[in-house]
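According to the numbering used here, the residues represented by the sequence shown are 8 to 259, in order.
No residue lacks a Cβ here, since even glycine has one placed at the ideal position from N, Cα and C.
Let me begin by presenting the structure, written as structure tokens, before commenting on it.
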Amino acid sequence: MPMGILYLDEAGNTGLRDTNQPLLIYGGPYIEPSTWKKLSDDLILIQTKYLGIIASRFQSGLRAENFLAEVGTNVNFLTDFHFHAKNIINRTALWSKLDETERFKVLEDIIDIIIKHDITFYIGVLDKAVYQSTISLRNNNMGEYRHLHEQFLSFIESDTSEHAQILTVIDDGDAGEKEVLKDCLSSSNLNKFFGELVCGKHKDYPLLQVADIGVWVFQAFHRLGTNRSDDYAQSVRYLYNKLQRVLKIKQC
């Protein structure tokens, strides 16, 4: 049986009353074993590219190609270097060495490798206001997560090949959220998902970083005002239009 790995990240997990984040979003790439190494290798090439650019902008007295070899192994924030959309866009830590245009080019390069390998990026999205109108908040108890996962996982199961077996990997975040997801994965209504949930940090699971990038782009696009036409808004719309080539969205 063909096994696939679903890498998931989330956004908007700030409670139903947070009007600044009106959507609860889970999403990520679904990757089959034949593609896993190719995508991972391409991700390393992108990482090496931007580490080289960043290294060249340090006043270290070292050539860029020697910077990481001579300095990076002894500096934790260099060895922990990984893709995290919020840090890239806000240009924090090492990403401060990139300019305004380059920060979006990092995300575009990652979206391009998803498209290159024809990898489906699944998104499950719940409109908090709509959901609230149908339930009692007093007795909800993280019901929005269960509602989303039940529909989202069923959608993925119906969209994948008949004999697929799916392992789910997610960022190691809130314990309650993970328990709800794990419970949903074990549902008797699902046949393709392993009941176990693999949890880890972005820096240890590079393809979780791909999930983070895609979810950030989706959320950023849907938070834009329709009248915004500044450089940031145009860049987000450009990335979203690209990502749409591989997106499959379930409104939950």
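The C-beta distance from Glu157 to Tyr138 rounds to 13 Å, too long to fall under 8 Å, and the pair is not in contact.
Ranked by Cα distance from Gly180, the first of Asn198, Asp16, Thr141 and Ile173 is Asp16. With a minimum length of 4 residues, the unbroken runs of alpha helix (DSSP H) contained wholly in the stretch 134–216 fall at 135–139, 150–166 and 182–192. Look at Leu231 here: in three-state DSSP terms it is coil, with no helix or strand label. The DSSP-derived three-state label of Pro36 is strand. Look at the beta carbons and you see the stretch 179–194 not touching the stretch 226–244: under three pairs across the two are nearer than 8 Å.
Buried is the label assigned to Lys135, since at least 16 other Cβ atoms lie within 10 Å of its Cβ. In the DSSP assignment, Ala18 falls within the beta strand (DSSP E) that extends over Met10 to Ala18. The Cβ neighbour count for Asp219, taken over all protein chains shown within 10 Å, is at least 16; the residue is labelled buried. The way I'd put it, the stretch 51–62 does touch the stretch 86–106; three or more beta-carbon pairs between them come closer than 8 Å.
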